[in-house]
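Protein chains in written order, with our numbering: chain A, -11 to 317; chain B, 3 to 347. Idealized CB from N, CA, C, for every residue including glycine.
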Amino acid sequence: MTGSPATGPLLDVRHLRVEFPTRRGVLVAIDDVSLRIAPGEVLGVVGESGAGKSLTGMAVLGLLQPPGRIAAGEIHLQGGRIDNLAAAQLRAIRGRRIGAIFQDPLTALDPLFTVGAQITETIRTHLQVTANEARERAVALLREVGIPAPAQRFDQYPHQLSGGMRQRVVIALALCAEPALLIADEPTTALDVSTQAQIIELLARLVRDRGMGVMLITHDMGVIAAMADRVAVLYAGRVAEIGLVRDVIQRPRHPYTTGLMGAIPKRGSLATRLTQIDGAMPRLDAIPGGCAFHPRCERRLDRCLRERPQPTPADGSEVSCWLYPDDAS
Amino acid sequence: MTHPDPPLLALEQVGRDFDVSPPWIDRLLSRAPRQRLVAVDDVSLQIRRGETLALVGESGCGKSTLARLAVGLYVPTRGRVLFDGRAVIAADSGGSGAAGRQRQRMQMIFQDPYASLNPRWRVGAIVGEPLRVHGLVPDRVAERSRVGELLEQVGLSARDAARYPHEFSGGQRQRISVARALSSNPEFLVCDEPTSALDVSVQAQVLNLMRDLQARLGLTYLFISHNLAVVDHVADRVGVMYLGRVVELGPRDDVLNRPRHPYTRLLLDAIPDLSMAGIARPAIPGEVPNPLSPPSGCTFHPRCPLANERCRNEQPALLPATADVLVACHAVQEGRGLIAPERGA
């Protein structure tokens, strides 16, 4: 684990369980997920649609849509527990100590207000500053996120900016109150590749300069490879594997991770066929017993059908798979 | 080029404009002129039988417009689109006679399998519709058995014909789209971002399926994608588009491993690559300009590190850079700037 005991982790998610009660029974969307993010560390959270990666971010932000709820587990931020706080206390943390960036920069901004008004409102919500100071800060922030002519852009409306510029404004908004933790949920998915490269580079620089911890949620392993220090691979609401990005990409341990890496088309690869994981991720109302991946797994053992594997250290990574039963490393 | 047999699809200086003027009364009040957006301009390319030509580019570069021009869903404003030597007939010009026979030979697969299947039709009716329209089956019994074959060909079951699209996952729906496209025994398939709405493991299933079908049925693909890794995986030849024009066109290995046009190099540098974990990449300045007011000369010049006075004034033509590769760039033609080093895996 990276978080050194002297400082302690910035974010510590312990055995998180998120449930959605429905008429036909309780759906478990996140099941026993544990993650840690050290200060200044970028943790990638990767998985396919429905794996629970966005919900993990929402749970940390305290933004689960009812009837969704945290049914078990704890979330600690900078040593203090935050999952059991009242709505008003959470609101003071969100934006102040935890910033958030979401996928679509157009829906994240209010079309009826100038970008300057939106940024100064956020600054004045969290910090005790005058209107003039807020304006100065806002312009400085716009400059920091790479917006040319920030003083002019301050008075423009979101529709006057391009997609990449809007995402920069969203990033500026998330940074207003200098949060210690940033949750970035698919921050580049809606952008073109050349814009995506610029935003990745910007986020990487801000993380470096400010020493923020980041939870980077994405389906794109390429973005993870470019930005993250460690990565957690989620499958059916559970952590299949967690480890250093290099290890997970080059030496995946869990059969799902192996399949996922083989399924990604790579430039310059000579293989004519991609690795294929047959079947699809189970629906929430039909998660198999034992290991959730066992019906699609080519290396399953009898044990996988009955017993659920727990995260086990294997060569620096932690893997939830019966192929790695003990401390083999 | 050294291929004697005529191309299956040929675009000859094709252009397509769209009228994006504000409503008449607004124009009158603000004295604004009509506005035309040039979505595709002066594109010439050929697709040979059995090959996959992939077109890549960022949003708004005109690649989807080109796909629609290829199958007659749009009529070109300038130039000609020829399929097997004959002009492609507009899709809205009725389905009988020569138009029907031509249309049967070309089909399209769309990006979003949630929007491209009628939710109120059973899968059997969706896949069987081209069979009925083109009169390819004598009766219901024959239709049902052909639909069953088609579904099995794409890895579904004949029994799935009785189900509705909502009962299937995204990947399975895209298989249904493929089965429908194959039902009229086409030679030519236009695939517009067929996997970009899918998760990677499902994308791998669909890409493998498309490759198997091509080998088995001798299909010709025009493959539209923004994902260069996917293109590297499926294409024989690659065309790179920027603001409505093809800027580089050639065999896949040339275009992706030895890119010549500065834009192609920029695109290739911009994709995060799994092998590059932890390595800083150069950032590329600027964004795609507004196609309503494209820059003068070479439309890429504001972002190009090699741009000079000529690039600002004169639009470069797509000219041979080697025997197989065409590039539209003054710098490449004049031999100014860098020769790209070999880019390995």
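What first and last residue would you give for the alpha helix (DSSP H) that runs through residue i?
| i | result |
| --- | --- |
| C313/B | E311 to N315 |
| Q109/B | No alpha helix (DSSP H) holds Q109/B; the beta strand (DSSP E) holding it covers M108 to I111. |
| G210/A | M209 to M215 |
| M153/A | G151 to L163 |
| D290/A | D290 to R294 |
| E169/B | From DSSP, E169/B is part of no alpha helix (DSSP H); its letter is neither H nor E. |
Grab me the residues of residue i's own chain with a C-beta within less than 7 Å of its C-beta, minus the 5 sequence neighbours each way, in chain order.
| i | result |
| --- | --- |
| I226/B | L57, K65, S66, A69, C193, D194 and E195 |
| P253/A | L262 |
| N120/B | I128 |
| E53/B | T222, D238 and R239 |
| V42/B | V16, G17, R18, G64, T67, L68, L71 and G246 |
| G(-9)/A | Confidence at G(-9)/A is low in this model, with a pLDDT of 41, below 50, so its placement is unreliable and no value can be given for it. |
| Q207/B | G173 |
Can you tell me which of the options puts its alpha carbon nearest to the alpha carbon of residue i?
| i | options | result |
| --- | --- | --- |
| G32/A | R271/A, M269/A, P243/A and A192/A | A192/A |
| D114/B | D86/B, D162/B and Q174/B | Q174/B |
| G201/A | D217/A, P175/A, I187/A and F101/A | D217/A |
| A139/A | H147/A, C292/A, L130/A and A47/A | L130/A |
| P167/B | L191/B, S185/B and G126/B | G126/B |
| P27/A | G199/A, T110/A, G40/A and E124/A | G199/A |
| D266/A | D201/B, D19/B and L215/B | D201/B |
| D326/B | Q317/B, P261/B and N315/B | P261/B |
| I187/A | E109/A, A214/A and C164/A | A214/A |
| A127/A | L15/A, H114/A, A76/A and L161/A | One point to set straight first is that residue 127/A is Val, not Ala, in the sequence displayed. The shortest Cα separation from V127/A among L15/A, H114/A, A76/A and L161/A belongs to L161/A. |
| S186/B | V77/B, R148/B, L30/B and G59/B | R148/B |
| V156/B | A183/B, V139/B and H332/B | A183/B |
| H235/B | L219/B, G252/B and R213/B | R213/B |
| A117/B | G137/B, I178/B and A89/B | I178/B |
| S203/B | A228/A, M269/A and P276/A | M269/A |
By how many angstroms is the C-alpha of residue j removed from the C-alpha of residue i?
| i | j | result |
| --- | --- | --- |
| R296/A | A172/A | 30 Å |
| R84/A | P264/B | 43 Å |
| G278/A | C285/A | 12 Å |
| P322/B | V334/B | 10 Å |
| P9/B | F85/B | 8 Å |
| S171/B | D273/A | 15 Å |
| L100/A | P274/B | 35 Å |
| A316/A | L276/B | Residue placement at A316/A is flagged as unreliable, the pLDDT there being 46, under the threshold of 50; the coordinate-derived value follows with that caveat. Going by the C-alpha atoms only, they are around 27 Å apart. |
| E250/B | T118/A | 54 Å |
| A302/A | I237/A | 15 Å |
| A251/A | R103/B | 38 Å |
| H282/A | R80/B | 56 Å |
| G346/B | H207/A | Its pLDDT being 41, under 50, G346/B is placed unreliably by the model, and nothing is read from it. |
| P343/B | P307/B | Here the model assigns P343/B a pLDDT of 47, short of 50, so the residue's position is not dependable, and the following value carries that caveat. For P343/B and P307/B, the distance between alpha carbons rounds to 17 Å. |
| C164/A | T110/A | 7 Å |
| A330/B | D256/B | 15 Å |
| R38/B | P293/B | 10 Å |
| A164/B | R146/B | 10 Å |
| L209/B | T197/B | 8 Å |
| R294/A | Y244/A | 18 Å |
What first and last residue would you give for the beta strand (DSSP E) that runs through residue i?
| i | result |
| --- | --- |
| C300/B | Unbroken run through C300/B: none, as it is neither H nor E. |
| S305/A | S305 to V307 |
| Y223/A | R218 to Y223 |
| T300/A | T300 to A302 |
| D43/B | R38 to I49 |
| P253/B | R247 to P253 |
| F252/A | Phe is not the amino acid found at residue 252/A; the sequence shown has Ile there. Premise fails: I252/A is in no beta strand (DSSP E) and is neither H nor E. |
| G45/A | From DSSP, G45/A is part of no beta strand (DSSP E) but of the alpha helix (DSSP H) over K41 to L49. |
| L224/B | T222 to S227 |
| G150/B | Counting along the chain, G150/B falls outside any beta strand (DSSP E), though it belongs to the alpha helix (DSSP H) covering R142 to Q155. |
Look at residue i and residue j and say whether their C-beta atoms are less than 8 Å apart.
| i | j | result |
| --- | --- | --- |
| P175/A | G87/A | no |
| P55/A | L94/A | no |
| T222/B | I49/B | yes |
| V6/A | L73/A | no |
| L4/A | V21/A | yes |
| L11/B | L320/B | no |
| T102/A | G152/A | no |
| S308/A | R234/A | no |
| V158/A | I205/A | no |
| V221/A | G35/A | yes |
| R156/A | L190/A | yes |
Might you give, ordered along the chain, the residues of its own chain that have their beta carbon closer than 6 Å to the beta carbon of residue i, omitting 5 neighbours on each side?
| i | result |
| --- | --- |
| P188/B | R107, M108 and Q109 |
| F302/B | Y244 and Y265 |
| C292/A | G278, C279, H282 and W310 |
Quick check: does the Cβ of residue i come within less than 7 Å of any heavy atom belonging to the ligand NAD?
| i | result |
| --- | --- |
| R141/A | Absent from the structure shown: the ligand NAD. Ligands present: none. |
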